[in-house]
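Since the structure comes first, as structure tokens, the remarks are kept for the end.
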Amino acid sequence: MSTTDDNGVVAAKNGLSKKGSVKSARANSGAPNGGEKGRAKEHDALTAGRVYREVLDAKPVSGRWFSPLDTATRFSLAITCFYRLLITQPISITTFAYRWNTLWYGRFFGLLLTFYVPILPFVLCAVEVMKRINQMMPWAEEDWKMKGPGRVFFERPETLVASLLWDFYLVVSVLVGSYIQYGNDSDGIMHTWYDSICTKEYWFSLLDKVGARRPLQLAAWDGHSAHGVGPGVSHGRCNLVCKISDSYLGIGDKVLVRGKAAGGEFDTLDDLQAILGADSEYKGKAAIAAEFIYPAPDLKLSSEGFGQVHSLDIVTMRTAAGVRVLSVLLWTDCEGWSSHSCTAGYLVDVHSETVVAPTAWYSPYFAKQKSNLLGCVLPGVREACEKACAAHEASTLPWLFAVGWDAMITPDGVVFFEGNVAAYRCPRRMFLTPFLTSLFLKEKGW
């Protein structure tokens, strides 16, 4: 059961209090036993202990971020981790490799690649070289990572050597990171390619269970027809945001302006039907339409010259002590209505709710940013993290190791937009330093 506030935000009546959400997360996780006892002691009630602190304080092991030395270090950590797992878990990782390869490269080439498991990382690196050559050809299609406004997260380093090592690191780190997260679970591996279970609607259901605020959904699109949800499209005064249920990186997102008499695009469900029906991206695709949410106007959430659009990127992970926060990032200084157009990123300390460092390690784009928001306080971050942990804990998917939650600070508090399987977010953190890699393996009891 839910209620709606004046900003079109859903808040469940049976939601947990700030204190209760943490207690429930701890209770649901069960008491650690055996080898888990020592690992459980390393976590506080909300964050993932040493893993969290190491991400918060990460420094490049060699050179500066995204130098040839840094990219070589990250690549070597992913390679070393692969061979450690191949030696200690040969059958399991070979099963994983078969499922991964056939998913990503098709049954024939996937099976062929699996025969090369002992040198699989280097074979995948060779594939990346061929992809790069193919990208230079006139018939090449645009890389999916560069299609949407989220391409800033995948920008390559400037030098040829560093950019090649970065490409190699990305493909191997996601491979190894996915095994660390999902083992050889078929559903988990599938979600590195396609969100067959964890759609926008799935994340809404988890958020509703723990009383987290989220945008009010007003319509659903089944691929051909629009259907009213809740009070319907005609309700309220807010604009609409349309999102394809299984999409990512903002691909396919649309903002529709209310009020045709004033030059807007829609007033009724029929208007929405006409708009989505004429959009090829929405043909045959399920989607949701929810009220557009605005950021808090009275907080310093961006640099001078930018609007208040931002996103809190809260990553939660399963630990021996239950679900805990791995990191909180602030994406801001946005050039458009979505945080996918951000030009700056920061690390936020959960306990003090303070911006403490730039996300210089995330991608080359952010290594060059100006850091104007250091020291800014973001009220509500801790409570949002408690809700995120509780929502992750509410999931019954055994393979769901890490979730990336997207949220915004609004006049009514922090509002969650969705969750994301952290298949790509988590490996960015796993291989930052040798110590971090060892801590992730320790969390798995390996």
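Read in order, the letters of the sequence shown correspond to residues 1 to 446 in full-length UniProt numbering.
Beta carbons are placed, not taken as given, at the ideal position from N, Cα and C, and that holds for glycine.
- Less than 8 Å separates the beta-carbon of alanine 58 from that of leucine 432.
- Around the beta carbon of glutamate 54, a 10 Å sphere encloses 16 or more other beta carbons of the protein chains shown; the residue is thus reported as buried.
- Under the three-state reduction of DSSP output, lysine 131 falls in the helix class.
- The Cβ neighbour count for tyrosine 83, taken over all protein chains shown within 10 Å, is under 16; the residue is labelled exposed.
- With fewer than 16 neighbouring CB atoms inside 10 Å of its own CB, arginine 64 falls in the exposed class.
- A distance below 7 Å between beta-carbons, with the five flanking residues on each side excluded, links proline 295 to the following residues of its chain, in chain order: Leu301, Gln308, Val309, His310, Met408, Ile409 and Thr410.
- When secondary structure is reduced to three states using DSSP, aspartate 333 falls in the strand class.
- The alpha helix (DSSP H) runs lying completely inside the segment 260–334 and spanning 4 residues or more are 269–277, given in chain order.
- Judged by DSSP in its simplified three-state form, leucine 240 adopts strand.
- Annotation for tryptophan 221: no alpha helix (DSSP H) segment contains it, though the beta strand (DSSP E) segment containing it runs 217–221.
- Membership of histidine 392 in the alpha helix (DSSP H) is indicated by the continuous run 381–394.
- In this chain, the beta strand (DSSP E) harbouring aspartate 406 covers 402–410.
- Taking all protein chains shown into account, tryptophan 446 has fewer than 16 neighbouring C-beta atoms within 10 Å of its C-beta and is therefore exposed.
- Considering only Ser327, Leu326, Cys342 and Val325, the residue with the shortest C-alpha distance to aspartate 333 is Cys342.
- By the Cβ test, the segment 152–163 is in contact with the segment 349–369, since at least three Cβ pairs between them sit closer than 8 Å.
- Across the structure, leucine 218 and tyrosine 346 are spaced so that their CA atoms are roughly 33 Å apart.
- Valine 348: member of the beta strand (DSSP E) spanning 342–349, first to last residue.
- The Cβ atoms of leucine 329 and alanine 402 do not sit closer than 8 Å to each other.
- Residue state for glycine 419 is assigned as strand, using DSSP reduced to three classes.
- Setting aside the 5 residues that flank it on each side, serine 186 is surrounded in the same chain by Arg99, each with a C-beta closer than 8 Å to its C-beta; the list follows chain order.
- With respect to proline 215, alanine 290 sits close: the two C-beta atoms are nearer than 8 Å.
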